[in-house]
Structure formats: structure tokens, C-alpha cells
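Asker: Right, I'll just put the structure down here and ask away after.
Protein chains in written order, with the numbering used here: chain A, 9 to 441; chain B, 0 to 155.
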């Protein structure tokens with residue numbers, strides 16, 4: 009097929025009806041109505057909240073009293089997955105809020121915030137008698153928000169129990185957290201669907217206001233040490249430490265033949281306490297490169313200014329120009345798989361194709377991401393995937409299954425997260441402070 | 000333009016907006032979000048639009064801003080590298096849709112607006128707030144890279 013035939017075909021494809029566009033204007037009208045309705049009451053709630061936060065932060069008796077409140081005990085139990093969050097709750101750093109929105113399908117409550125200069129962690133609940141599985145997506149809609157200045161990520165799954173605590177995180181990589189922000193929560197729901205719920209059942213808006221003492225905190229430690237990871241040169245530029253997470257910033261040498269897609273490492277302080285990835289966003293790219301140069305890890309903020317070392321135990325690369333793998337869904341065969349990854353199966357799963365790969369685990373992790381969570385068709389068009397599942401075996405290998413929901417073609421391309429790896433004989437140690 | 004007039008015009012434009020966003024973002028879910036946000040922002044500021052005949056270029060301008068926002072937000076987690084203009088062979092090897100997605104931003108804007116969103120060269124230049132000669136140069140360069148032989152004023 010030549011380019012002009014491709015052009016004609018693409019024009020035809022773009023003319024196909026898109027059911028999700030139904031109601032676009034009505035949604036905009038409803039959103040504007042909601043915004044007008046809540047503008048007044050939210051301001052009052054926010055003012056009350058600001059006074060309450062000030063009391064929590066500056067009044068020891070109030071804070072001690074709050075520690076005995078059962079709801080904070082529940083938060084403390086919920087955040088056990090994160091050393092930083094646990095420390096934040098134990099040190100009375102969490103902010104209590106009481107914001108609620110509802111419609112006839114779902115009720116959403118935001119109850120706690122853990123905020124610092126680079127992150128806003130929002131703890132919330134969803135209630136519904138109509139939907140068993142719900143998933144919320146968040147966006148900042150403040151008029152002065154820089155859309156390029158943050159990204160959001162959810163650490164909760166769709167099938168949490170009704171009313172269970174969930175958390176989502178806004179990460180401000182290059183800018184600082186504002187003193188307040190207006191956020192939008194889009195809730196999707198389903199009943200018994202194993203895949204991520206797709207039907208949008210509510211769009212809520214909340215105004216979050218933060219204590220300036222929290223959003224102003226952070227420590228930057230300059231490192232500027234160049235390291236060799238299997239023949240590829242990187243520089244550990246600096247480390248930024250905040251109450252809820254630590255950010256390690258790398259720079260890459262332009263002569264490298266690979267992009268850095270993953271780094272296995274941990275931080276260790278003088279007492280031997282180890283700080284690792286905490287779930288949610290663990291890495292993100294720098295400007296203008298597919299390399300993951302910003303790495304996020306648990307924080308030692310509440311343990312004071314103790315000595316801290318970085319130990320690198322491995323790295324994953326993708327060779328520049330060798331990112332994609334083709335899978336034939338009819339014959340169950342693969343082209344372009346790198347050494348170390350095999351195609352386990354192509355099978356039918358609930359009437360839809362599912363592709364499973366097997367690979368060896370790296371370091372202490374039982375599994376890691378092999379491919380981007382997206383499928384590409386023969387035209388290179390990206391189809392977002394909502395679900396993949398992992399399994400692991402005692403022999404040190406793991407499987408990763410990609411569910412091709414609503415993917416109509418018989419061949420599919422996946423974009424590799426890595427094609428090559430590096431592991432030192434002993435961890436590479438870098439003194440941070 | 001009042002809200003009622005806006006609703007009618009936005010309804011008529013939504014598929015065209017979606018096509019533009021889809022090619023821009025190369026992702027259906029991101030394109031739907033961008034269209035939703037653009038239609039909402041357009042509604043909030045439609046009173047400022049004094050000339051209804053410019054509705055198409057005006058709302059598309061808002062959409063393009065939203066597409067940039069989506070792209071920048073998403074890029075941090077799933078970065079996609081734009082190919083440089085010198086990478087002619089790599090563009091040749093890519094399917095058309097991906098080749099468009101990986102054009103440098105200023106070339107991508109022009110080719111999408113001209114050949115998929117249905118704007119003339121004059122409208123495209125107005126919409127992007129660039130001189131018409133610059134739009135024409137970018138159009139020629141994009142078509143060369145994509146190896147597409149389309150006329151200067153050809154419309155979709």
C-alpha cells in the first residue's frame with residue numbers, strides 16, 4: 009500500500025462513528041452548572057478547613073487529641089504500605105478534610121491529605137449501591153494550573169470494597185505544589201467487569217487548600233557524580249527530599265546507545281534503614297527523552313539529617329530504535345522479542361484475546377513491567393489497555409498477561425519497556441549526604 | 000455567541016474535533032478527554048467570541064491547546080520521541096498514522112489541520128497564528144517527509 013492509499017484508508021477510518029462523543033456538549037453544560045453551584049459553598053468549607061488545619065499544625069494539644077480519633081487510626085492502618093506515609097501520620101503531618109460530592113449513582117468523600125512541596129496525596133472513598141467496581145481519574149482544573157507541571161497517578165484498584173479508603177497522588181515534577189487547587193474527579197463504574205470500569209458515572213469537583221508550611225518544605229542535596237552502568241554513562245545530579253517522597257534526578261550522556269527505562273536501587277541511612285520504591289509513580293522521564301531520569305523512592309524526612317547512601321543494583325535499557333515487538337494473534341507467534349522474554353501464550357480470555365509473556369525477575373522484585381500498557385496496530389495507532397495481570401513462580405520467573413479489550417485486529421505490536429539489562433556484581437554505592 | 004448557539008455549533012463540530020485530537024494524540028482515550036475539556040472551556044468563554052463565522056478555528060485553537068496539555072502530561076510517564084526532520088528514512092518505515100504522530104510539533108499541526116480537519120491554508124495560518132507563507136513551508140516539508148502528494152489547497 010502506498011502513502012496515498014494509506015491516506016485514503018485513514019480518512020475512512022476517521023469517519024467511523026464514535027459513540028463516546030455522544031453527550032459531549034451536555035457534559036460541558038452540566039459541568040458549568042455544577043461549577044457555578046459549588047463556587048459559593050466550597051469557599052466557606054475551605055475557610056473552615058484552613059482554620060482546622062492551622063489548629064492541627066500549630067497546636068500540640070489539638071494534634072495529640074486527633075491522634076486518638078479513630079478515623080486517624082484507620083488512616084494509619086491504611087498507609088502501612090508506605091514508610092513515608094506511615095511516618096507522616098505518626099508525626100501528625102496528615103491533614104483532615106471533609107469534602108463530599110454525590111449524584112444518584114455514587115458518593116465521593118475526600119477525608120485526608122498528605123501534602124508537601126512536590127506531591128499532593130489525596131485519600132478518598134467512593135460509595136455506590138449501583139456499582140460494584142469503581143475507578144476515579146483526577147485532573148487539576150485550577151485556571152492557573154500548568155498542565156505540564158504535574159501528573160497524577162492512582163494507587164488503588166477498581167475492585168476496592170464499597171467505602172474503602174483509596175489514594176491518588178499528584179506529582180509536581182518541575183513546579184511546586186500551589187497553596188490551593190481545584191481538582192476534577194471523573195468516576196467510572198461497572199458491575200462485575202474484571203477490566204477497569206469504563207462507563208463514566210460522575211464528574212465531581214473539589215477545592216483543596218493546603219497549609220503553606222507543608223507546601224514550602226523540601227531539602228535539595230547536590231550530588232553531581234557520574235556513574236557507569238554497563239558501559240552507559242549517567243550522572244546522579246541531585247536528590248530532593250520531601251516528607252512524602254524522595255526524588256532522585258539523573259542526567260544521561262548523549263553518546264549512550266540506549267535509553268534508561270528502569271533503575272533498581274535503594275537508599276540506606278546510617279542506621280541501616282532502607283528506603284525503596286513506595287508504589288504509585290516510581291520513575292518518569294526528563295524533558296525530550298524516553299529515558300526515565302527522575303526516580304521516586306520512600307523518604308527519610310522524619311528521621312532527620314542522617315547520612316544517606318544510594319545503592320544501585322541494576323538497570324534496564326531499551327536499545328535506541330528496537331522498541332517494538334509484533335505478535336500474530338492467530339498463529340500465536342512473536343517477532344522481535346529480546347533475549348530473556350518469551351511468548352508464553354495467546355489465548356481467549358472472556359471472549360477477548362490475552363497475550364502472556366514470561367521473563368526472569370530482576371533483583372528483589374518478583375516481577376516488573378515488560379511492555380508499555382498499550383497496544384499498537386499496523387498503522388501505529390495506540391490503543392490504551394486498561395488491564396494486565398502478573399503471576400510469578402518459584403523458579404524466579406514471572407508472567408505478564410496483557411488483556412486486549414476491544415482490540416479488533418489479528419496482529420498487535422507492544423512497545424518494550426526494556427531490551428537489555430545490567431546488574432553489577434555488588435551494588436554500586438553513591439554517597440548522597 | 001450565547002450558550003445555545005454555542006451548543007448547536009459545538010455539537011456539529013465534535014466529530015471533527017475528535018479526529019483532530021485523535022491524530023494529534025494518537026490515543027482515543029486522551030482524544031476524548033481533550034475534546035471534553037475543549038468543549039467545556041469553549042462554553043465558559045463563548046461570550047467572548049464576537050464573530051460566529053470564526054467558530055471553527057476558534058474552538059479548534061482551544062482544542063489544540065488541550066492536546067498540548069494532554070501530551071505534555073502524558074509524556075512524562077509514556078514518552079514518545081518526535082523524530083527529527085532529518086530522519087526521512089525512519090518516517091518512510093512508519094505507518095502513516097504513527098508517522099504523523101511523530102512529526103515535529105509545528106509540522107504535525109499544519110498537516111492535521113490541512114488534510115484531516117478540513118481547514119484551508121489561510122484558516123490554518125490564522126488558527127496557528129503564523130504567517131501564511133510559514134504555514135505553506137511547513138505544509139510542504141510535512142508532505143515531503145510523509146511522501147504524500149497532495150495539492151496546496153486540497154482539503155479533506
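Quick reminder that beta carbons are idealized off the backbone N, C-alpha and C, glycines included.
1) Spatial neighbours of residue 111(A) within its chain, please: C-beta separation below 6 Å, excluding the five flanking residues on both sides.
2) Give, in chain order, every unbroken run of the beta strand (DSSP E) that is at least 3 residues long and sits entirely within the segment 348-375 of chain A.
3) Mind checking the segment 30-57 of chain B against chain D and listing, in chain order, the residues whose C-beta falls within less than 7 Å of any C-beta there?
4) From the DSSP output, which residues share a beta bridge with residue 317(A)?
5) Using the Cα positions of residue 147(B) and residue 61(B), report the straight-line distance between them to the nearest angstrom.
6) Going by DSSP in three states, residue 185(A) sits in which element: helix, strand or coil?
7) Determine the contact status of residue 316(A) and residue 434(A), defining contact as a CB-CB distance below 8 Å.
8) Which one of 405(A), 362(A) and 103(A) has the shortest CA to CA distance from residue 221(A)?
9) Any contact between the segment 81-90 of chain A and the segment 177-191 of chain A? By contact I mean 3 or more CB pairs, one from each, below 8 Å.
10) Mind pulling the chain B residues with CB within less than 7 Å of residue 390(A)?
11) Does any residue of chain A bring its CB to less than 8 Å from the CB of residue 105(B)?
12) Of the residues 418(A), 191(A), 312(A) and 247(A), which one's Cα is nearest the Cα of residue 232(A)?
13) Ordered along the chain, which non-local residues of its own chain (more than five positions away) have a Cβ less than 6 Å from that of residue 430(A)?
14) Please name the residue or residues paired with residue 254(A) in a DSSP beta bridge.
15) Using beta-carbon positions only, say whether residue 351(A) and residue 365(A) come within less than 8 Å of one another.
16) Could you list which residues in chain B have their beta carbon closer than 8 Å to that of residue 210(A), in chain order?
17) Closest to residue 254(A) by C-alpha separation, out of 307(A), 264(A), 240(A) and 279(A), would be which residue?
18) Less than 8 Å between the beta carbons of residue 95(A) and residue 310(A), yes or no?
19) If we ignore side chains and look at the alpha-carbon of each, how far apart do residue 128(A) and residue 109(A) end up?
20) If we ignore side chains and look at the alpha-carbon of each, how far apart do residue 133(B) and residue 260(A) end up?
21) Given a limit of 7 Å on CB to CB distance, which residues of the segment 109-133 of chain B reach chain A?
22) Take residue 377(A) and list the residues in its own chain whose beta-carbon comes closer than 6 Å to its own, dropping the five residues that flank it on each side.
23) Expressed to the nearest angstrom, what Euclidean distance is found between the alpha-carbon atoms of residue 22(A) and residue 393(A)?
24) DSSP three-state label for residue 407(A), please.
25) Put residue 413(A) into one of helix, strand or coil per three-state DSSP.
26) For the segment 236-259 of chain A, which residues have a CB atom closer than 7 Å to at least one CB atom of chain B, in sequence order?
27) Mind listing the chain A neighbours of residue 157(B)? Cutoff is C-beta to C-beta under 7 Å, in chain order.
28) Quick check: the Cα distance between residue 21(B) and residue 213(A), rounded to an integer number of angstroms?
29) In chain order, what residues of the same chain lie with their CB nearer than 8 Å to the CB of residue 121(B), ignoring the 5 residues before and after it?
30) Would DSSP call residue 299(A) helix, strand or coil?
31) Give the straight-line distance between the Cα atoms of residue 367(A) and residue 379(A), rounded to the nearest whole angstrom.
32) Based on DSSP bridge pairs, tell me the residues matched to residue 169(A).
33) Is the CB-CB distance between residue 102(B) and residue 141(B) below 8 Å?
34) So residue 29(B) and residue 58(B) are in contact, right, with Cβ under 8 Å, and what is the actual spacing, rounded?
35) Mind pulling the chain B residues with CB within less than 9 Å of residue 425(A)?
36) Pull up the distance between the alpha-carbon of residue 188(A) and that of residue 218(A), whole angstroms please.
Answerer: Per the coordinate set shown:
1) Along the first chain, one-based indexing puts residue 111(A) at 103. Apart from the 5 residues on each side of it in sequence, residue 111(A) sits with its Cβ closer than 6 Å to the Cβ of 210 in its chain, given in chain order.
2) Taking 3 residues as the minimum length, the beta strand (DSSP E) runs contained wholly in the segment 348-375 of chain A are 349-357 and 360-368, in order along the chain.
3) No chain D appears in this structure, whose protein chains are A and B.
4) Residue numbering aside, residue 317(A) sits at position 309 when the first chain is read from its first letter. In the DSSP assignment, residue 317(A) is bridged to 276(A) and 439(A).
5) Here residue 147(B) refers to the residue found at position 148 of the second chain. Here residue 61(B) refers to the residue found at position 62 of the second chain. Computed Cα separation, rounded: 28 Å.
6) Indexing the first chain from 1 puts residue 185(A) at position 177. In the structure shown, residue 185(A) adopts coil according to DSSP, grouped into three states.
7) Numbered from 1 along the first chain, position 308 holds the residue referred to as residue 316(A). Numbered from 1 along the first chain, position 426 holds the residue referred to as residue 434(A). No; because the gap between Cβ atoms is not below 8 Å, this pair is not in contact.
8) As a first step, residue 221(A) must be located in the first chain, where it is residue number 213. Its Cα nearest to that of residue 221(A), the residue 103(A) stands out among 405(A), 362(A) and 103(A).
9) The segment 81-90 of chain A vs the segment 177-191 of chain A: no contact.
10) Your numbering for residue 390(A) matches position 382 in the first chain. What residue 390(A) touches in chain B, judged by beta-carbon distance under 7 Å, is 25 and 26, going in chain order.
11) Along the second chain, one-based indexing puts residue 105(B) at 106. At least 8 Å separates the CB of residue 105(B) from every CB of chain A.
12) Along the first chain, read from residue 1 onward, the residue named residue 232(A) stands at position 224. With distances taken between Cα atoms, residue 232(A) lies closest to 247(A).
13) To locate residue 430(A), count along the first chain from 1; it is residue 422. Correct list, in chain order: 237, 238 and 323.
14) Here residue 254(A) corresponds to residue number 246 of the first chain, with the count starting at 1. According to DSSP, residue 254(A) bridges with 249(A) and 305(A).
15) Sequence index remark: in the first chain, residue 351(A) carries index 343 (1-based). Sequence index remark: in the first chain, residue 365(A) carries index 357 (1-based). Closer than 8 Å, so yes.
16) Within the first chain, the letter at position 202 stands for residue 210(A). Around residue 210(A), no beta-carbon contact reaches into chain B at under 8 Å, the shortest distance being about 14 Å.
17) For the purposes of this step, residue 254(A) is taken as the residue at position 246 of the first chain. The candidate whose alpha carbon is nearest that of residue 254(A) is 307(A).
18) By 1-based counting over the first chain, the position of residue 95(A) is 87. By 1-based counting over the first chain, the position of residue 310(A) is 302. Yes, the pair counts as a contact, with Cβ atoms nearer than the cut-off.
19) By one-based count along the first chain, residue 128(A) stands at place 120. By one-based count along the first chain, residue 109(A) stands at place 101. Taking the straight line from one Cα to the other gives about 20 Å.
20) As a position in the second chain, residue 133(B) is number 134, starting the count at 1. As a position in the first chain, residue 260(A) is number 252, starting the count at 1. Each residue's alpha carbon lies about 35 Å from the other.
21) Closer than 7 Å at the C-beta level to chain A, one finds these residues of the segment 109-133 of chain B: 115.
22) Position 369 of the first chain, counting from 1, holds the residue named residue 377(A). Taken in chain order, the residues that qualify are 425.
23) The sequence position of residue 22(A) within the first chain is 14, counting from 1. The sequence position of residue 393(A) within the first chain is 385, counting from 1. Going by C-alpha positions, residue 22(A) is about 20 Å away from residue 393(A).
24) Translated into the one-based positions of the first chain, residue 407(A) becomes position 399. Per DSSP, reduced to three states, the secondary structure at residue 407(A) is strand.
25) Taking the first residue of the first chain as 1, we reach residue 413(A) at position 405. Residue 413(A) falls in the coil class under three-state DSSP.
26) Nothing from the segment 236-259 of chain A brings a Cβ to less than 7 Å from some Cβ of chain B.
27) Residue 157(B) cannot be examined here, being either before or after the span of chain B that is shown, 0 to 155.
28) Locating residue 21(B) in the second chain gives position 22, where the first residue counts as 1. Locating residue 213(A) in the first chain gives position 205, where the first residue counts as 1. Separation of residue 21(B) and residue 213(A) (C-alpha to C-alpha, rounded to the nearest whole angstrom) is 26 Å.
29) Residue 121(B) sits at position 122 when you count from the first residue of the second chain. Hits under 8 Å: 131.
30) As a first step, residue 299(A) must be located in the first chain, where it is residue number 291. In the structure shown, the three-state DSSP call for residue 299(A) is coil.
31) In the first chain, residue 367(A) corresponds to position 359, counting from 1. In the first chain, residue 379(A) corresponds to position 371, counting from 1. Residue 367(A) and residue 379(A): Cα-Cα distance of roughly 12 Å.
32) Counting from one through the first chain, the residue named residue 169(A) turns up at place 161. Bridge partners of residue 169(A): none, in fact.
33) To locate residue 102(B), count along the second chain from 1; it is residue 103. To locate residue 141(B), count along the second chain from 1; it is residue 142. Inclusion of residue 102(B) and residue 141(B) in the CB contact set at 8 Å is warranted, their separation being smaller than that value.
34) Position 30 of the second chain, counted from the first residue, corresponds to residue 29(B). Position 59 of the second chain, counted from the first residue, corresponds to residue 58(B). The beta carbons of residue 29(B) and residue 58(B) sit about 18 Å from each other, so the pair does not count as a contact at 8 Å.
35) Taking the first residue of the first chain as 1, we reach residue 425(A) at position 417. Neighbours of residue 425(A) on chain B: none; closest Cβ ~10 Å, over 9 Å.
36) For the purposes of this step, residue 188(A) is taken as the residue at position 180 of the first chain. For the purposes of this step, residue 218(A) is taken as the residue at position 210 of the first chain. Annotation: residue 188(A) to residue 218(A) spans about 6 Å, alpha carbon to alpha carbon.
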